[in-house]
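Numbering (full-length UniProt numbering), first residue to last: 1 to 199.
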Ligand SMILES: [Zn+2]
C-alpha cells in the first residue's frame with residue numbers, strides 16, 4: 001500500500017470504532033466518489049466547529065443558544081438526567097419516556113486518560129441545580145453514566161458532591177444495563193426499563 005494512502009487511512013482510524021480495515025474501506029469508497037461529493041464532505045468537516053454549536057444550558061447539540069429540550073416549557077423541571085455524551089442523551093430521548101431536563105458532562109472521570117472532575121461540566125451542573133431548586137421543591141438528579149469503571153467513578157463523585165445539597169434527590173438508572181456496556185448502544189426496551197426502575 002502506498003504511504004500517502006496509509007496516511008489518509010490512519011486519519012480515519014482516529015474516529016471511534018474505526019479499525020484499520022474499516023479505514024481502508026472508507027478511503028477506497030471515497031476514491032470511487034465524484035470530486036464534488038468529496039469536496040462537500042471536506043468542506044463540512046473543515047467547518048464542523050463553526051457550523052455546529054451546543055446548548056449553553058445542557059450542552060446538547062443545538063442550532064440556537066438554547067436547545068429544543070431546554071426551551072420546551074412542557075419539560076419537567078424537577079428532573080435532571082446527567083449523561084456522559086450527547087449520543088447518550090439521544091438514545092434516552094428516542095425512548096420518548098423521559099420528559100425532564102438533561103445535562104451532558106462531556107465525558108467520564110478517567111485519570112488514565114487525564115480526565116478529572118475539573119475537565120467535566122460539573123460546576124455548571126451545580127449552578128443549574130441551584131437555580132432549579134430555587135423554584136421547585138425537589139429536583140431529582142438522575143445519574144445515567146455508562147456501567148463501566150469511568151462511569152461508576154463519575155457517578156460516585158457526583159453522588160458525593162450533591163448528596164448534602166438540600167432538595168436534591170439522587171437516583172440512578174435501574175437494572176437491565178449490562179456492566180461494561182455503553183448507554184448509547186443499549187436498545188430501547190432496555191433503556192425504558194432502566195428509566196422506569198430508577199433506584
Ligand atoms: Zn439544552
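Every residue, glycine too, gets a C-beta built ideally from N, C-alpha and C.
C-alpha gap between residue i and residue j, whole angstroms
| i | j | result |
| --- | --- | --- |
| residue 161 | residue 122 | 9 Å |
| residue 99 | residue 113 | 33 Å |
| residue 93 | residue 196 | 14 Å |
| residue 18 | residue 25 | 10 Å |
| residue 190 | residue 3 | 45 Å |
| residue 56 | residue 130 | 16 Å |
| residue 63 | residue 53 | 6 Å |
| residue 96 | residue 151 | 23 Å |
| residue 39 | residue 30 | 11 Å |
| residue 182 | residue 147 | 7 Å |
| residue 141 | residue 15 | 32 Å |
| residue 27 | residue 68 | 36 Å |
| residue 171 | residue 198 | 6 Å |
| residue 201 | residue 76 | The question about residue 201 has no answer, for the chain in this structure spans 1 to 199. |
| residue 107 | residue 1 | 36 Å |
| residue 103 | residue 91 | 14 Å |
Any non-hydrogen atom of ligand 1 closer than 7 Å to residue i Cβ
| i | result |
| --- | --- |
| residue 127 | no |
| residue 60 | yes |
| residue 66 | yes |
| residue 69 | yes |
| residue 7 | no |
| residue 57 | yes |
Which residues DSSP lists as bridging residue i, in chain order
| i | result |
| --- | --- |
| residue 141 | 80, 170 |
| residue 61 | 54 |
Extent of the continuous alpha helix (DSSP H) run through residue i
| i | result |
| --- | --- |
| residue 43 | 35-46 |
| residue 182 | Here residue 182 belongs to no alpha helix (DSSP H), and DSSP marks it neither H nor E. |
| residue 116 | Run containing residue 116: none; DSSP gives neither H nor E here. |
| residue 13 | From DSSP, residue 13 is part of no alpha helix (DSSP H); its letter is neither H nor E. |
| residue 164 | Counting along the chain, residue 164 falls outside any alpha helix (DSSP H), and DSSP gives it neither H nor E. |
| residue 192 | 188-196 |
| residue 69 | Where residue 69 is concerned, there is no enclosing alpha helix (DSSP H), given that its DSSP letter is neither H nor E. |
| residue 24 | 20-31 |
| residue 85 | Element bounds for residue 85: n/a, residue is neither H nor E. |
| residue 122 | 122-135 |
Host beta strand (DSSP E) of residue i (start-end)
| i | result |
| --- | --- |
| residue 101 | 100-104 |
Cutoff 8 Å: residue i Cβ touching any chain B Cβ
| i | result |
| --- | --- |
| residue 35 | Looking for chain B here will not work: only one protein chain is present. |
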